[in-house]
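The block underneath contains the structure these notes are about, expressed in C-alpha cells.
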Amino acid sequence: MVFTGCSPQNSLRGVFKKQTPYEKYHAGLKAAKLDETGLGKQWVAAGERALQQAVPVTLPFKETGYFPADKPLAASYRFTVKQGQKVAVKVQTQGREVPQVFIDLFETDPANPTQPKQVANADTTAQDLEYEIEEEVPHLLRVQPELLRSGQYTVTIESAPVLAFPVQGKDSRAVQSFWGQDRDAGARKHEGIDIFAARNTPVVASVEGMVTRVNTTPIGGKVVWLSDLKRQQSLYYAHLDSQLVQPGQRVSIGDTLGLLGNTGNAISTAPHLHFGIYRFGEGAVDPYPYVFKDRTKPASFQADEKKLGNWVRVAKPNTSLREAASSGAAPLEKLAQYTPLQVLAGSASWYRVLLPDGRQGYVASSLVENLDKPIQAIRLRREAPLLEASAADAATQKSISADSTVRVLAKQDAFWLVKDAEGTTGWIPADVAR
16 MVFTGCSPQN SLRGVFKKQT PYEKYHAGLK AAKLDETGLG KQWVAAGERA LQQAVPVTLP
76 FKETGYFPAD KPLAASYRFT VKQGQKVAVK VQTQGREVPQ VFIDLFETDP ANPTQPKQVA
136 NADTTAQDLE YEIEEEVPHL LRVQPELLRS GQYTVTIESA PVLAFPVQGK DSRAVQSFWG
196 QDRDAGARKH EGIDIFAARN TPVVASVEGM VTRVNTTPIG GKVVWLSDLK RQQSLYYAHL
256 DSQLVQPGQR VSIGDTLGLL GNTGNAISTA PHLHFGIYRF GEGAVDPYPY VFKDRTKPAS
316 FQADEKKLGN WVRVAKPNTS LREAASSGAA PLEKLAQYTP LQVLAGSASW YRVLLPDGRQ
376 GYVASSLVEN LDKPIQAIRL RREAPLLEAS AADAATQKSI SADSTVRVLA KQDAFWLVKD
436 AEGTTGWIPA DVAR
C-alpha cells in the first residue's frame, strides 16, 4: 500500500512552506477554533469576497476608510501597472487600539481571473509594500484588519520606475523621441528613447551591475552596455561623447559611465542619449516605463470624515452608484431617494458605500445625507420585530407593538430603517409600515 500524501517530500514541503502574515493569522484562528464562530466565518468570507469584488482604481490612488470591530470587512483594489514600473503601497492606521492590518498583493491570470496568485505581502512590522511588476496584467491589493479591532485607515497606491534615470540632473520630461517611431524613412523602428541634454552631461548607471561592452559602432557611435542581472536584461547607452568605464567594471547606481554627445548616426542632431533595454531571450523592450516618474499626486479626501463607518441615505432620486470614484466610471445602478447606505471609505469627493444586500460602489458625497432628520413618522399596522439588519433572518432587538409610532430614517424595498419612541434604531419589514 502506498501513502503518497505522507511521502517525505510532501511532509518537508509542508514543514518549510513560508506562510504570509495573513496565512499565519488565519491558521491561528483555526487553531483556536475561532474560525468556527460567527465573526470568524465572516472574517474569512470577507477576505475571499474582497478578491472577487475588487474596485477598479487608477493610480495614483488614495482612500480613507473605517474598519468596524463588529463587522469584519476587507478593502480591495484592482489596477494595472506597466512592466518596468513598481507599485508602492502605504497604509496608515489610527484609533484607540490600532489593528494589525494585513496587506497582500495578487496577480491575476487572464485565463483564470477568479483564482489570483499572491505575489507580495507586507511584513507585520511594516505597513508598506513595494513590488516590481513582472507582467502587465491586472493586480489586486487586499487590505484587511485583524478581528475585533476597529480603526480608521488610509491606503495610498502609487507607481514608480524601477530604474534610476540615466542622465544626471534630468528626468522623464527630457525624453523627446520615443519607442517605436520610424527611423531610416520607415525601414526600422526606434528601439529605445532619446533623452536630450547639454553636451558632456554625465550619463549614469541606472542599476548596480557590470559593464559588459565599451565600443564604437556606426549607428550608436560610442556606446556602453551594462548588465542588469536582477531583471535579466542589458542596458544600452549610445551616442556618447566619451566613455569613462571599462568592460568588466562593476558600477553602482549613479556612477558615471560616460558623457552625453551625438556620435554615430546622431551627428546631425542635438546631443542626446539613446537609451535602450534588451531583455535576455526577448530582445528590445520599451524603456520609457522603466524611467518614467508620475508626478501626479493622489487626490486628498475632500468629504466629511464623520460619515465613515456610519449609515447615511441617498438625498436625491436616481442617484448613480458607480464602479469607481469618478463621474466617468461605469454606473452600476440607479438608487432611489432615501436608500440606506453604509459609508465604508472615501476617495477625493466620493464615498465607497455598502448597500444592505452586500453590494458595493461609489456615490458622490454631495448626493448623500445624514440620518438625523427623519423622513416621516408612521404608525405600525401590526406588531413588528425591530431587527439588527435588513434581512428576514436577522436577530430581533425587540418587538414594537401595533399602533406604535416610529420615525423613518431610510427606505429600501423590503426593509425600512427606523427609530422607535425609546430611541432604538433598527430595521422593520416595510409591509408593516404601509
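Take 16 as the starting number for the sequence shown in my numbering and just add one per residue.
For each residue, glycine too, the CB sits at the ideal point set by N, CA and C.
What you are looking at is a predicted structure, and each value in this text was computed from that prediction instead of being measured.
Sixteen is the threshold: since fewer than 16 other Cβ atoms of the shown chains lie within 10 Å of the Cβ of Lys39, the residue is exposed.
Residue nearest to Glu161 within the set Phe82, Glu122, Val229 and Thr73 is Phe82 (criterion: CA-CA distance).
With 16 or more other Cβ atoms from the protein chains shown falling within 10 Å of its own Cβ, Ala318 counts as buried.
For the pair Gln196 and Ile210, the CB atoms are not nearer than the 9 Å cut-off. The bridge partners DSSP lists for Gln68 come to none. Residue pairing by DSSP puts Gly80 in a beta bridge opposite Tyr168 and Ala360. Comparing C-alpha distances from Thr169 to each of Leu424, Ala330 and Ala314 shows the shortest one belongs to Ala314.
Here DSSP, grouped into helix, strand and coil, assigns Glu320 to helix. Taking a cut-off of 8 Å on C-beta distances, the region 302–312 touches the region 99–110, as three or more cross pairs fall below it.
Annotation: Pro36 is outside any beta strand (DSSP E); the continuous alpha helix (DSSP H) that includes it extends over Pro36 to Ala46. As summarised for the region 267–346, the continuous alpha helix (DSSP H) elements at least 4 residues long and confined to that stretch are 303–306, given in chain order. When the five nearest sequence neighbours on each side are left out, the beta carbons in the same chain lying within less than 8 Å of the beta carbon of Arg214 are those of Asp256, Leu274, Leu275, Gly276, Asn277 and Pro286, in order along the chain. Note that the region 370–389 touches the region 342–352; at least 3 beta-carbon pairs, one per stretch, sit closer than 8 Å. Residue environment for Lys322: buried (at least 16 other C-beta atoms within 10 angstroms of its C-beta). Counting along the chain, Gly376 sits inside the beta strand (DSSP E) bounded by residues Gln375 to Ala379.
Within the same chain, and ignoring the five residues on either side of Gln261 in sequence, the residues whose Cβ sits closer than 8 Å to its Cβ are Val226 and Val229. Asp143 and Phe117 have their C-alpha atoms some 10 Å from each other.
Secondary structure at Asp408: coil, using DSSP grouped into helix, strand and coil. Here Ile415 is near Val421, since their CB atoms are less than 9 Å apart.
Given a length threshold of 3 residues, each whole run of the beta strand (DSSP E) inside the region 401–446 is given here in chain order: 411–415, 420–426, 430–434 and 440–444.
Counted as a single uninterrupted DSSP element, the beta strand (DSSP E) harbouring Ala135 occupies residues Asn127 to Asn136.
Residue environment analysis places Ser174 among the buried positions, since at least 16 neighbouring C-beta atoms fall within 10 angstroms of its C-beta. If the five residues before and after Gly62 are omitted, its C-beta is found closer than 6 Å to the C-beta atoms of Ala89 and Gln159, all from its own chain and listed in chain order.
In the three-state DSSP reduction, Val177 falls in the coil class, being neither helix nor strand. For Pro389, DSSP records no beta bridge to any residue. Sequence-distant partners of Gln264 (beyond 5 residues in either direction) whose C-beta falls short of 6 Å from its own C-beta, in its chain, are Val226. The distance from the Cβ of Leu155 to that of Thr129 is about 11 Å, inconsistent with a contact at the 8 Å cut-off.
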